[in-house]
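Visitor: Can you keep this structure in mind? I'll have questions shortly.
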Amino acid sequence: MALLPGNPAAILNRADKVLVNVDGVLGRVDGTLGSVDTTLEEVKVLLAEVKGVLTDLTEEIELVKQLPAMAEQLAQIHAAVTK
189 MALLPGNPAA ILNRADKVLV NVDGVLGRVD GTLGSVDTTL EEVKVLLAEV
239 KGVLTDLTEE IELVKQLPAM AEQLAQIHAA VTK
C-alpha cells in the first residue's frame, strides 16, 4: 500500500490550512475588485462630465471662430448707418 500517505490526518490538516489561506486571499481579491468597480464607476461619471465640458467648449470655440466675420459685418453695418 505505497499509494496511501503516511499520515492522512497531517495531510488533511495541511490541506485545511491551505484552504483557509486561499479563502483569505480570495476575500482580499474580492475586496480589491470591489474597490476597482467603485473606482471605475467614479471614472465613468467623471468622463461623462468631461464629455459635457468638451461639448460646451467646442460650441464656444465655434462662436469664437465666427467673431472675425461678425466684426466685419458690424463694421459694414456701422459704415452703412453712419453714411
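Sequential numbering of the sequence shown, starting at 189, is according to the working numbering. For each residue, glycine too, the CB sits at the ideal point set by N, CA and C. Note that this is a predicted model, so its numbers are computed, not measured.
1) Do Ala236 and the ligand MG come close, with the Cβ less than 7 Å from some heavy atom?
2) Pull up the distance between the alpha-carbon of Ser223 and that of Leu242, whole angstroms please.
3) Going straight from the alpha carbon of Ala197 to that of Asp204, what length do you get?
4) What is the DSSP secondary structure of Met189, reduced to helix, strand or coil?
Guide: So, to answer that:
1) No copy of the ligand MG occurs in the structure displayed, which carries no ligand at all.
2) 28 Å
3) 10 Å
4) Reliability fails at Met189, whose pLDDT of 46 lies under 50, so the model's placement of it is uncertain and the value that follows must be treated cautiously. Coil.
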